[in-house]
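Protein chains: 2
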Amino acid sequence: MEAGDFSLFYMDNFTFYSPTYFVFGKDEEINAGHYVKRFGGSKVLIHFGGGSAQKSGLLDKIRSSLKNEGIRFVELGGVKPNPRDSLVYEGINLCRKENIDFILAVGGGSVIDSAKAIAAGAVYDGDFWDYYEGKTVDKALPIGTVLTISAAGSEGSGDSVITKEKGMFKRATTGEALRPKFSILDPALTQTLPAYQTACGITDILAHLYERYLTNTKDVEVTDRMIEALMLTMIKEGPIAVADSNDYQSRANIMWAGMMAHNNSCGVGRSQDWTSHNIEHELSALYDCAHGAGLAVVMPAVFTYNLKHDVMRFAKVAVRVWGVEMDFEHPEVTALEGINALRRFLKSIGMPGNFAELGAKEEDIDELAHKCCYGDVNTGTTGGFVTLNEDDVKAIYRLML
Amino acid sequence: MEAGDFSLFYMDNFTFYSPTYFVFGKDEEINAGHYVKRFGGSKVLIHFGGGSAQKSGLLDKIRSSLKNEGIRFVELGGVKPNPRDSLVYEGINLCRKENIDFILAVGGGSVIDSAKAIAAGAVYDGDFWDYYEGKTVDKALPIGTVLTISAAGSEGSGDSVITKEKGMFKRATTGEALRPKFSILDPALTQTLPAYQTACGITDILAHLYERYLTNTKDVEVTDRMIEALMLTMIKEGPIAVADSNDYQSRANIMWAGMMAHNNSCGVGRSQDWTSHNIEHELSALYDCAHGAGLAVVMPAVFTYNLKHDVMRFAKVAVRVWGVEMDFEHPEVTALEGINALRRFLKSIGMPGNFAELGAKEEDIDELAHKCCYGDVNTGTTGGFVTLNEDDVKAIYRLML
Chain A
376 MEAGDFSLFY MDNFTFYSPT YFVFGKDEEI NAGHYVKRFG GSKVLIHFGG GSAQKSGLLD
436 KIRSSLKNEG IRFVELGGVK PNPRDSLVYE GINLCRKENI DFILAVGGGS VIDSAKAIAA
496 GAVYDGDFWD YYEGKTVDKA LPIGTVLTIS AAGSEGSGDS VITKEKGMFK RATTGEALRP
556 KFSILDPALT QTLPAYQTAC GITDILAHLY ERYLTNTKDV EVTDRMIEAL MLTMIKEGPI
616 AVADSNDYQS RANIMWAGMM AHNNSCGVGR SQDWTSHNIE HELSALYDCA HGAGLAVVMP
676 AVFTYNLKHD VMRFAKVAVR VWGVEMDFEH PEVTALEGIN ALRRFLKSIG MPGNFAELGA
736 KEEDIDELAH KCCYGDVNTG TTGGFVTLNE DDVKAIYRLM L
Chain B
376 MEAGDFSLFY MDNFTFYSPT YFVFGKDEEI NAGHYVKRFG GSKVLIHFGG GSAQKSGLLD
436 KIRSSLKNEG IRFVELGGVK PNPRDSLVYE GINLCRKENI DFILAVGGGS VIDSAKAIAA
496 GAVYDGDFWD YYEGKTVDKA LPIGTVLTIS AAGSEGSGDS VITKEKGMFK RATTGEALRP
556 KFSILDPALT QTLPAYQTAC GITDILAHLY ERYLTNTKDV EVTDRMIEAL MLTMIKEGPI
616 AVADSNDYQS RANIMWAGMM AHNNSCGVGR SQDWTSHNIE HELSALYDCA HGAGLAVVMP
676 AVFTYNLKHD VMRFAKVAVR VWGVEMDFEH PEVTALEGIN ALRRFLKSIG MPGNFAELGA
736 KEEDIDELAH KCCYGDVNTG TTGGFVTLNE DDVKAIYRLM L
């Protein structure tokens, strides 16, 4: 063990800061105006996606709530899944023109991520994309969220992912200034989602948990156990929510699990992976598929490829989470069976299982692998659990055929 | 089911707000001054307990750290376990006289709870005890903590418990204003604790988890699983920490688990119990025993008495946490075996198991039960899981003989 490897073997020093005020439960969205006022907003940009927030009546509730508190607002809709830089620039200009002092994101992870980019860009003299190329986000307009899909965890994180249309690069940034001041989580708002989108969200949450579970830090039982707890919750509640959109309880459990999975309380003090997210981002950037659907195809391939790096870690999740019987003579069989159980679970909730089902093409593999490893900010490798080069990533994409 | 019982059957609406900045890891206490400055302190009261913080050199490190940042300070030591109102009054007077604008608690739960009481009282015109008789805490001086024992969870909560010397009443208050601005958690600082105090802390953390686990709210799988995760962590890491004070990893796991057990992220949206704490508070108020030791005696008695109220809940924790085989024909046998497993665990880490070992006396039972149910703010009953009257509480104390 080298001196510099210390952090790989013992729980690391860390800071944890999650100052978001969470308001959870049925009908809480009617209090949006109250919370905007409490956190200092007087002129608000309401940021949202397509027509569903309008059709469901949610936007009208939000407008009424703001009006009741005497808060002025302007609106910017049109956020698409895998949110684009072009709309971010539009939002930044709008904020400056209208002297916006608070951004209210009404939607899922894409809307919240777009709102975060606008919030940072509106108070920055340079190009907001600098933040997605490595610059630290040190200031941003305050934002609040009204969440409509359990998936990204963006409602409780300082993270944001944006796609640059020129070249279709999908890149992430993070910063404490991007953590929402408040987030309203009403599980009932997710009941209008199609089963497929519900399943995509469940897959994304599971991925956030696996990315943290796959660590090289030893003896971090407390966070291992918390991750397993949230995985077990998703495995029990996920299929219920997909099968019956009227079931409030399963959606409530999933919604809190989705936030806890990504506010990093279960990821502190340990190295993390994020290989699956990095490899998936190239798929959703190129094919505009749902991020969760992409992850369903990517995760089993990545885990199978990396299994030999730490068989016992994959065996641990297989036994504790997937209920696989431990094969003490052949732990690699147990480890592999855990990956198969994940694959069967994802199929059971309607997720794709390979390139064809996702709409991805074999002939793009070289380009995908190159962008993943050498994209505008990367340096030839990817992965926190195993350091993978371009050839490794190509091999992983081939496992998805 | 009555309309008013709604909250007992579905996940409740709730708010969750944990804005404390946690700084975790070895040697982080040398940054205390940095964080005091960051959170606005310029004239600090350092509040601490007995001589151990002095002897270990911890106080000197804190003083140096404050001096390095140019922060002035005064000191008030002498906090005892089961902290008293008399020292709180002294602290309030000192804060006013010295124009203190930040309180830094250096110690365990007793020191932090005492600091919270001083912080609230220093900016309140009336008697601080009003807050411990039901008045809402709406303002307080900012506080920071440097934690030296994993137990109370006060470093990440808005709770405080103080004992009024006149009549020896032990009462609690809570309020968002009491949540620390920052908390420094260095697991190495807990390595100087005697094994007995380490075990008392482990017991207190387990109790915080049981108080939340024992709920009448149905289908709250996400928080059930999170509580179980933290219990399993304590069961694995607790005995290691008690056996070997030099083991950093077990203390690191316990320290994060202790915070997560009580910041309420695993208790939201569900009814909670707090019977064991209420019944224990009378013991530590009267006999000045360690709170954790009292809980070790109280918990098995309370759980045995309440078992019939929800056999399957006690069976669930027995199977999932204590590894008891489910007896499908006699679930009450499984439930009882879970309580026995808890009793054996507590004995194995050196905790007392009955009144005699705790130093409590049978002839005081009537007084204890009466104070618990009719103490200066109570109304004849106690308990969130099962509503218990004075006769019930007497019967529970008798189970501890």
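Top line first, the protein sequences correspond to chains A and B. Residues in the first sequence are numbered from 376 upward in steps of one, following this note's numbering. Residues in the second sequence are numbered from 376 upward in steps of one, following this note's numbering. Where is the CB? At the ideal position from N, CA and C, for every residue including glycine. Note that this is a predicted model, so its numbers are computed, not measured.
At a cut-off of 7 angstroms between beta-carbon atoms, residue 600 of chain A makes contact with chain B. No residue range can be given for residue 562 of chain B, since it is assigned to no alpha helix (DSSP H) and is classified by DSSP as neither H nor E. When 8 angstroms is used as the limit between beta carbons, residue 640 of chain B is near these residues of chain A: 635 and 640, in chain order.
With a 10 Å radius around the Cβ and a threshold of 16 neighbouring Cβ atoms, residue 621 of chain A comes out exposed.
Using a CB distance cut-off of 7 angstroms, residue 607 of chain A counts as an interface residue toward chain B.
With distances taken between CA atoms, residue 762 of chain B lies nearest to B:653 out of B:653, B:615, B:628 and B:510. Cβ neighbours of residue 473 of chain B within its own chain (closer than 8 angstroms, five residues either side excluded): 418, 420 and 449.
Taking the Cβ atoms as the reference, residue 523 of chain A lies roughly 6 angstroms from residue 483 of chain A, within the contact range of under 8 angstroms. Residue 611 of chain A belongs to the set of residues whose beta carbon lies under 7 angstroms from a beta carbon in chain B. Residue 488 of chain A sits in a helix when the DSSP states are folded into three classes. Neighbours of residue 396 of chain A in chain B, taken as residues at a C-beta separation under 9 angstroms, are given in chain order as 390, 391, 392 and 394. Taking 7 angstroms as the cut-off, the beta carbon of residue 719 of chain B is found no closer than this to the beta carbon of residue 675 of chain B. When Cβ-Cβ separations below 7 angstroms define contact, residue 628 of chain A makes contact with chain B. Residue pairing of residue 450 of chain B in beta bridges, as defined by DSSP: B:421.
In terms of beta-carbon proximity, residue 566 of chain A stays away from the interface with chain B, with every pair separated by 7 angstroms or more. Secondary structure of residue 534 of chain A (DSSP, three-state): strand. At least one CB of chain B lies nearer than 7 angstroms to the CB of residue 386 of chain A.
Between the stretch 657-670 of chain A and the stretch 611-630 of chain A, the count of C-beta pairs closer than 8 angstroms stays below three; the two stretches do not touch. Residue 632 of chain B has its alpha-carbon roughly 20 angstroms from the corresponding atom of residue 590 of chain B. Judged by DSSP secondary structure, residue 713 of chain A falls within the alpha helix (DSSP H) whose first and last residues are 706-723. Against residue 623 of chain B, the close residues of chain A are 385 and 386, in the order they occur along the chain (beta-carbon pairs closer than 9 angstroms).
From the listed residues B:642, B:604 and B:705, the smallest Cα separation to residue 697 of chain B is found for B:604. Taking C-beta atoms as the reference points, residue 558 of chain A and residue 520 of chain A count as a pair closer than 7 angstroms.
Annotation: residue 408 of chain A has no Cβ neighbours in chain B at a cutoff of 9 angstroms; minimum Cβ distance is about 16 angstroms. Just so you know, the alpha carbons of residue 565 of chain B and residue 597 of chain A end up roughly 17 angstroms apart. Excluding residues up to 5 positions away in sequence, nothing lies with its Cβ nearer than 6 angstroms to the Cβ of residue 767 of chain B in the same chain. The contact set of residue 401 of chain A on chain B, defined by CB atoms closer than 8 angstroms, consists of 388 in chain order. Counting only runs of 4 or more residues that sit fully inside the stretch 622-652 of chain B, the alpha helix (DSSP H) segments are 623-635, in chain order. For residue 745 of chain B, the CB contacts under 8 angstroms within the same chain, skipping 5 residues up- and downstream, are 765 in chain order. Judged by beta-carbon spacing, residue 495 of chain A lies beyond the 7 angstroms limit of residue 478 of chain A, meaning their Cβ atoms are not closer than that value.
When the alpha-carbon of residue 756 of chain B is set against those of B:648, B:689 and B:516, the nearest one is in B:648.
Proximity of chain B to residue 596 of chain A at the Cβ level (cut-off 9 angstroms) is accounted for by 607, 608, 611, 612, 624, 625, 628 and 632, in chain order. Distance from the CA of residue 586 of chain A to the CA of residue 424 of chain A, rounded to the nearest whole angstrom, comes to 28 angstroms. Under the DSSP assignment, residue 727 of chain A falls outside any beta strand (DSSP E); it carries neither an H nor an E label. For the pair residue 739 of chain A and residue 733 of chain A, the Cα-to-Cα distance works out to about 13 angstroms.
Residue 552 of chain B is positioned such that its CB atom lies no closer than 7 angstroms to that of residue 498 of chain B.
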